[in-house]
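**Student:**
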Amino acid sequence: MVKDARARLSSLRQLMRERNIGVYVVPSGDAHSSEYLAPCDARRAWLTGFTGSAGLAVVTQTEALCWTDGRYFLQAGKELSSDWTLMKAGLPETPTWTNWLKDLGPTTRVGVDPTVISEKEAAPLATALGTDPTRALVPIKDNLVDAIWDERPPRPANPAFRLGDEYAGQSVGDKILALREKLAAIGSPGLVVSALDEVAWLFNLRGSDIPYNPVFFSYAIVTRHDTTLFANPASITPEVKAYLQKNNVAVLDYEKVWQALDSWKGQLSAERAQKDAAAKEAAAAAERGEVAKMPASEPAPPKKEEKKDPKIVKTDKVLIGNSASWAIADALGKDNCEVRRSLVEDAKARKNATEIEGFRRAHIRDGAALCRYFAWLEEVLAKGEQWSEFDAATQLENFRKENKLFMGLSFDTISSTGPNAAVIHYSPSETESATIDPKQIYLCDSGAQYMDGTTDTTRTVHFGTPSAAEKRAFTRVLQGHIALDTAVFPTGTTGYLLDALARRPLWMDGLDYRHGTGHGVGHFLNVHEGPQGVGPRPAYNEIGLAEGMVISNEPGYYEDGAFGIRTESVVAIRHAATPHNFGDKGYLEFENFTTVPIQTSLIQLDLLSPAEREWLNAYHADVLAKVRPELEGHGDERAIAWLKRQCVPV
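So, in C-alpha cells, the structure goes:
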C-alpha cells in the first residue's frame, strides 16, 4: 500500500506540474455530492488508502493532507500511509481545508474537478483566493485522479424500477404539481435536481447504482411547464419509460444534462438582458419626465393585494440545491441561478402517513431479524464456537433476507468486538476480521432497505460479565438516549438545541462522543439524509424540526483501544398532546420505531431514575408485544425465549 500510495502521488504531481497547478483538491463526493459512492467515484479513497465515507485530500508538490472528522480519526490513522498527514477536522488546532488553502503563497493555483465540489463551497473559496491567474481556483474538467487510475471501474447503469404509490404514499404527478406551485410562489422559472435520492424520491423510482443506496445516476430539471429526467439509457426500462411518459416526464441521456443547462443558460441570459434593457429604458423615460401610458381601450387592471408569506423568499432565478456542483452553476451561468436548500429535500424530509406506517412495519420485521441474530449469537458463543465479526454479520444479513420486502442492507454492518467497537465506523472484511470475544463488549450497528422503509439500529451487548466502568458508561449513554426520546419541544426547535439533552448524562461523568446524535433517515432511500439532524455543529441550528421528519437517536461513548458503546433507534417527529399551547407554536415529541431490546445486564441500575426505569420497562413491553408475533411466524423458539428474557422489567 505504501508503494501504491507513493506511486499514485508521484503520478498526480506530474500531472499537476503539466497543468501548472500548485495544489489539487480531491473531495470525497461524486458529481451528485453522494456520501456513499459507486466504486468508480471513490477517488479520494483510491488515492489516499483511507476508506471512510467522509474526508477530503489536498495535494501539493511537497505535502499530502487528508481531512476527516472524529468518527474516523482511528480508522484514518490506521489506513493512511506515512506519505499522508491526517488532519483531524473539528479540533481547535486543525484549520479547515479552505483556511489552509487561503494561507498558501501568492502564486499558488488550486485545481479541482468542478463536478465534485459544490458551488456553495467553491464560490467563497474562489473569492478568497482572488482573480489573479497566478493564485486562483481553477476548474479542471478532466479529473486528474481518473487520468492516473488505470483500472478504474466502469460507471454502473443498472435498471431502475418503480416504487408503487402504495409504498410512496404520493404520486409523481402530485409531487411535481406541488413543486410547481412552490416555484410559482417563489417566482422561479425552475430548478435543477442533482442529488440522487431527491431524483429517486421525486419520480417514485429506485435503483441500485450505489451500494446500500437504492438510487440510480440521474439529474432532473423541473420548470413551470416541463419536467425532464436525465439518466443512463440502460437504467430506463420500457416499463419505466412508459410510466414516466404517462406522467408527462421527458427522458434524455444522462450526459445530455450539460447541453440542456447550456441551452437554458442562453434562454435565461437573453430574458435577463431583455428585462435589464426594459428597466434601463423605463429609468431613462422617468428622467425625461415621460410616463408610460396604457392604451385607452385597455384600462389598467386593478392591482391585487398579495398576501406575503414570510417563509417565501422570492427570486426570478433558477434554483439549485446546497449540494449542487460548481459545474452546474457554471453551466447555467452564475447570474441565472441561486443556491438554496432544495425544495425537493425539504419535501422528502417530511414523511407522509403511508411512509410513516411503512417505517413502523419495516422496523418490526427488522427487529425480529435482530432478535433472532442476538439469540443465535448468544447461544453459539456460549457453546464455545468461534465466530468472526464478518461471518457473524453475514449471518445477520441472512436473517434479514428471510423478511418480506427486503431489498438489501442500508450500509455495511458494523460488527465490532472489544477495541474495534471504539472505531466509530469500523467495518470488518472477510480477510481482516477479529473473532468475537464473549468477555468483551460487542457493538452491532446495522440496517436494511425494505420496500416500505429503511432501518438503522445499534445495540451494544456483553456475553459475559461487564466491568463496572463499562456498565457505568453504558448507563450514561442509555440515559442520554432516553432523555432525547422523551423530549417535548416547540415546533421549529433545532437539533442543535436538543443535542445537549443526549450528552448531559455523559458530561456528568466527564465523557462525550465525537459524532452527531442523530441524522435524518430516508424512506427506502439513503440511510443518511438531510436537512434535519441532531448534533453540535452550527449546521444543525439552521433547520427547525417538524412533524413527519424521521431521525436517529444514537449517543455513544468510545474508549480508544478498549471498547465502544452506542445505543441507536430510529424515531419520527409527531404532534405532542400538551395541556397548553403557549405561543400557538404547536409542540412535538418522538415516536420510537425501533423494536430491539436494550441489554439490561449492562445497566448500572442504581443510576437510573424512576422515570428512566419506567421508560425502559414500557419500551420493552412494547417490543415484546410487537416482535413476538413476528418471531412466532418464523417459528424461532430460541429467539422467542431470548426476547422474553431481555424484556423482563427491571
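Residue numbers for the sequence shown, in full-length UniProt numbering: 1 to 650. Where is the CB? At the ideal position from N, CA and C, for every residue including glycine. Everything numeric in this text was worked out from a predicted model, so none of it was measured.
From what residue to what residue does the alpha helix (DSSP H) around Thr228 run?
**Tutor:** Within the sequence shown, residue 228 is the residue found at index 228, counting from 1. Here Thr228 belongs to no alpha helix (DSSP H); instead the beta strand (DSSP E) covers Thr227 to Ala231.
**Student:** Count the other CB atoms, across all protein chains shown, that sit within 10 Å of the CB of Arg17; report buried if there are 16 or more and exposed otherwise.
**Tutor:** The residue given as residue 17 occupies position 17 in the sequence shown. Per the 10 Å Cβ criterion, exposed.
**Student:** Whose C-alpha, out of His515, Arg514 and Gly530, is nearest the C-alpha of Val521?
**Tutor:** In the sequence shown, counting from the first residue as 1, residue 521 sits at position 521. Checking every option, the nearest Cα to that of Val521 belongs to Gly530.
**Student:** Quick one: any contact between the segment 55-73 and the segment 24-38, if contact means 3 or more CB pairs under 8 Å?
**Tutor:** Touching, yes, given that three or more Cβ pairs across the two stretches are closer than 8 Å.
**Student:** Where does the unbroken beta strand (DSSP E) through Leu65 begin, and where does it stop?
**Tutor:** For the purposes of this step, residue 65 is taken as residue 65 along the sequence shown, with counting starting at 1. Run containing Leu65: Ala64 to Thr68, per the beta strand (DSSP E) assignment.
**Student:** With 16 other CB atoms within 10 Å as the buried threshold, where does Pro428 fall?
**Tutor:** Translated into positions along the sequence shown, residue 428 becomes position 428. It is buried - the Cβ of Pro428 has at least 16 other Cβ atoms within 10 Å.
**Student:** So Thr394 is in the alpha helix (DSSP H); what residue range does that whole segment cover?
**Tutor:** Residue 394 sits at position 394 when you count from the first residue of the sequence shown. Taken as a continuous stretch (DSSP letters only), the alpha helix (DSSP H) holding Thr394 covers Glu389 to Lys401.
**Student:** What three-state label does DSSP hand Ala487 in the structure shown?
**Tutor:** The residue labelled residue 487 in the question sits at position 487 within the sequence shown. In the structure shown, Ala487 sits in coil (DSSP, three-state: anything other than H, G, I, E or B).
**Student:** Would you mind sorting Asn99 into buried or exposed? The rule is 16 or more other CB atoms within 10 Å of its CB.
**Tutor:** For this step, residue 99 is matched to residue 99 along the sequence shown. Exposed, by the Cβ-count rule.
**Student:** Scan the segment 76-108 and note each continuous beta strand (DSSP E) run of 3 residues or more that stays entirely inside, going in chain order.
**Tutor:** List check, beta strand (DSSP E) in window: 85-88.
**Student:** Are the beta-carbon atoms belonging to Gly548 and Thr354 less than 7 Å from one another?
**Tutor:** Translated into the one-based positions of the sequence shown, residue 548 becomes position 548. Translated into the one-based positions of the sequence shown, residue 354 becomes position 354. No; because the gap between Cβ atoms is not below 7 Å, this pair is not in contact.
**Student:** Quick check on Ile640: does DSSP put it in helix, strand or coil?
**Tutor:** By 1-based counting over the sequence shown, the position of residue 640 is 640. Helix, per DSSP.
**Student:** Answer yes or no: does any C-beta atom of chain C fall closer than 7 Å to that of Val257?
**Tutor:** Of the chains in the structure shown, none is chain C; there is only one protein chain.
**Student:** With C-beta atoms as the reference, is Val249 less than 7 Å away from Thr223?
**Tutor:** For this step, residue 249 is matched to residue 249 along the sequence shown. For this step, residue 223 is matched to residue 223 along the sequence shown. No, they are not a contact pair.
**Student:** Going straight from the alpha carbon of Lys256 to that of Glu402, what length do you get?
**Tutor:** Counting from one through the sequence shown, the residue named residue 256 turns up at place 256. Counting from one through the sequence shown, the residue named residue 402 turns up at place 402. So the two alpha carbons sit approximately 41 Å from each other.
**Student:** Looking at the ligand COA, does it come within less than 6 Å of Asp174, judged from the CB to the closest heavy atom?
**Tutor:** Absence of the ligand COA is noted for the structure shown, with no ligands found whatsoever.
**Student:** Just how far apart, CA to CA, sit Leu261 and Gln274?
**Tutor:** Residue 261 sits at position 261 when you count from the first residue of the sequence shown. Residue 274 sits at position 274 when you count from the first residue of the sequence shown. C-alpha separation (whole angstroms): 20 Å.
**Student:** Taking only the alpha-carbon atoms, compute the straight-line gap between Arg459 and Arg155 and give it to the nearest angstrom.
**Tutor:** Taking the first residue of the sequence shown as position 1, residue 459 is located at position 459. Taking the first residue of the sequence shown as position 1, residue 155 is located at position 155. So the alpha carbons of these two residues sit roughly 35 Å apart.
**Student:** With DSSP run on the structure shown, which of helix, strand or coil describes Val650?
**Tutor:** Translated into positions along the sequence shown, residue 650 becomes position 650. Val650 falls in the coil class under three-state DSSP.
**Student:** Note the first and the last residue of the continuous alpha helix (DSSP H) segment covering Val199.
**Tutor:** As a working mapping, residue 199 is identified with position 199 in the sequence shown. Per DSSP, Val199 belongs to the alpha helix (DSSP H) from Leu196 to Phe203.
**Student:** Just the Cα atoms here: how many angstroms apart are Glu484 and Ala611?
**Tutor:** Residue mapping note: residue 484 aligns to position 484 of the sequence shown, counting from 1. Residue mapping note: residue 611 aligns to position 611 of the sequence shown, counting from 1. The residue you asked about is not Glu; residue 484 is Leu in the sequence shown. So the two alpha carbons sit approximately 13 Å from each other.
**Student:** Taking Cβ positions, are Ala502 and Gly480 nearer each other than 7 Å?
**Tutor:** Numbered from 1 along the sequence shown, position 502 holds the residue referred to as residue 502. Numbered from 1 along the sequence shown, position 480 holds the residue referred to as residue 480. Going by C-beta atoms, Ala502 is nearer than 7 Å to Gly480.
**Student:** Under three-state DSSP, which class holds Val192?
**Tutor:** Counting from one through the sequence shown, the residue named residue 192 turns up at place 192. Three-state DSSP puts Val192 in a strand.
**Student:** Based on the DSSP output, what are the partners of Gly518 in its beta bridges?
**Tutor:** Locating residue 518 in the sequence shown gives position 518, where the first residue counts as 1. Partner(s): Val534.
**Student:** In the DSSP assignment, what are the bridge partners of Asp445?
**Tutor:** Looking up residue 445 in the sequence shown gives position 445. In DSSP, Asp445 forms a bridge with Ile414 and Thr458.
**Student:** When the distance is taken between beta carbons, is Ile565 closer than 7 Å to Val623?
**Tutor:** If you number the sequence shown from 1, residue 623 lands on position 623. If you number the sequence shown from 1, residue 565 lands on position 565. Their beta carbons are not under 7 Å apart, which means Val623 does not touch Ile565 by this criterion.
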